[in-house]
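In my numbering, the protein residues as written are 27 to 245. Beta carbons: idealized from backbone N, C-alpha and C, even for Gly.
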Ligand code: SF4
Ligand code: SF4
């Protein structure tokens with residue numbers, strides 16, 4: 027009998043494997059930001075930031091494995107409800123139709139105290155974000171914002187896509203990647219969780235081309 031996605035990830039210990047890798051990449055970003063801070067002689071503003079976390083009002087692109095990791099956390103903490111899935115769907119559609127320049131909506135995972143409720147498993151694009159300019163600039167999205175460039179860490183996160191695809195035996199899709207906006211990646215992971223045809227379900231989704239991905243990335 028075929029296993030569901032949930033059965034597979036549990037039997038193969040995929041969630042702890044992903045959590046370790048993502049935590050390692052996010053930790054490396056923090057370390058890299060600190061080292062660069064010494065070179066540029068500017069403090070990392072995020073470490074003492076008391077401002078409204080407008081960095082979490084951004085369009086977040088995540089890899090499928092990052093969505094799956096968040097989905098596993100939501101399931102483990104009984105937060106996977108029909109209401110949440112509906113909010114994820116609405117948010118995903120709106121984000122996909124928007125651009126990084128226009129999207130300014132607090133993330134679904136940001137709580138009333140400005141805390142990320144999936145912090146330990148947050149996507150690497152969130153974990154790699156550090157700035158050296160005052161937090162007030164983050165709200166304005168001013169071009170003067172000096173951010174840490176986490177090239178090595180984000181390359182490691184991209185490399186993990188292939189290892190994940192192979193562990194799940196997902197079919198390779200030429201010119202497409204298993205990624206999308208964060209709410210979509212979490213939603214499709216939750217929807218796939220109890221399906222034993224999860225590979226077919228995932229394969230038929232409209233995975234983005236390089237052009238779609240470029241549209242979601244600020245120039
Ligand atoms: S990116 Fe800006 S708003 Fe976000 S934590 Fe850092 S300084 Fe604060
Ligand atoms: S997942 Fe967490 S860190 Fe990333 S945008 Fe949402 S609240 Fe912020």
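Asked: Apply the 10 Å Cβ neighbour rule to residue 206 and answer buried if 16 or more other Cβ atoms are within range, or exposed otherwise.; Found: buried
Asked: Could you tell me the boundaries of the alpha helix (DSSP H) in which residue 97 lies?; Found: 90-102
Asked: Under 6 angstroms Cβ to Cβ from residue 54, same chain only, skipping five residues before and after it: list those, please.; Found: 179
Asked: Would the beta-carbon of residue 91 fall within 7 angstroms of that of residue 224?; Found: no
Asked: Using the rule of at least 16 other Cβ atoms within 10 Å of the residue's Cβ for burial, across every protein chain shown, is residue 210 buried or exposed?; Found: buried
Asked: So, under 8 angstroms CB-CB, residue 41 and residue 35 are touching, yes? Tell me the CB distance rounded to an integer number of Å.; Found: 6 angstroms
Asked: Output the boundary residues of the alpha helix (DSSP H) element that contains residue 48.; Found: 40-66
Asked: Assess, as a yes-or-no matter, whether the region 111-122 is touched by the region 66-73 under the definition of 3 or more beta carbon pairs within less than 8 angstroms.; Found: no
Asked: Can the beta-carbon of residue 132 be found closer than 7 angstroms to that of residue 83?; Found: yes
Asked: Specify, as a first and last residue, the run of the beta strand (DSSP E) that residue 205 falls within.; Found: 205-207
Asked: If you measure from each CB to the nearest heavy atom of ligand 1 and keep those under 6 angstroms, what residues do you get, in chain order?; Found: 71, 72, 75, 77, 79, 80, 81, 155, 157, 161 and 164
Asked: Relative to the C-alpha of residue 101, which residue among 65, 28, 215 and 198 is closest?; Found: 215
Asked: Apart from the five residues just before and just after residue 241, which ones in its own chain have a Cβ nearer than 7 angstroms to its Cβ?; Found: 125
Asked: Excluding the five sequence neighbours on either side, which residues of its own chain have a C-beta within less than 6 angstroms of the C-beta of residue 97, listed in chain order?; Found: 212, 215 and 216
Asked: Check whether the Cβ of residue 100 lies closer than 6 angstroms to any heavy atom of ligand 2, and answer yes or no.; Found: no
Asked: Give the secondary structure of residue 250 by DSSP, where H, G and I count as helix, E and B as strand, and everything else as coil.; Found: With the chain covering only 27 through 245, there is no way to say anything about residue 250.
Asked: Which class does residue 173 belong to by DSSP, given the choice of helix, strand or coil?; Found: strand
Asked: Does the Cβ of residue 213 lie closer than 6 angstroms to at least one heavy atom of ligand 2?; Found: no
Asked: Throw me the rounded Cβ distance for the residue 182 and residue 51 pair, which I believe falls under 8 angstroms.; Found: 5 angstroms
Asked: What separation, rounded to the nearest whole angstrom, lies between the Cα atoms of residue 165 and residue 79?; Found: 8 angstroms
Asked: Mapping DSSP to helix, strand and coil, what is residue 142?; Found: strand
Asked: Would the beta-carbon of residue 136 be found less than 6 angstroms away from any heavy atom of ligand 2?; Found: yes
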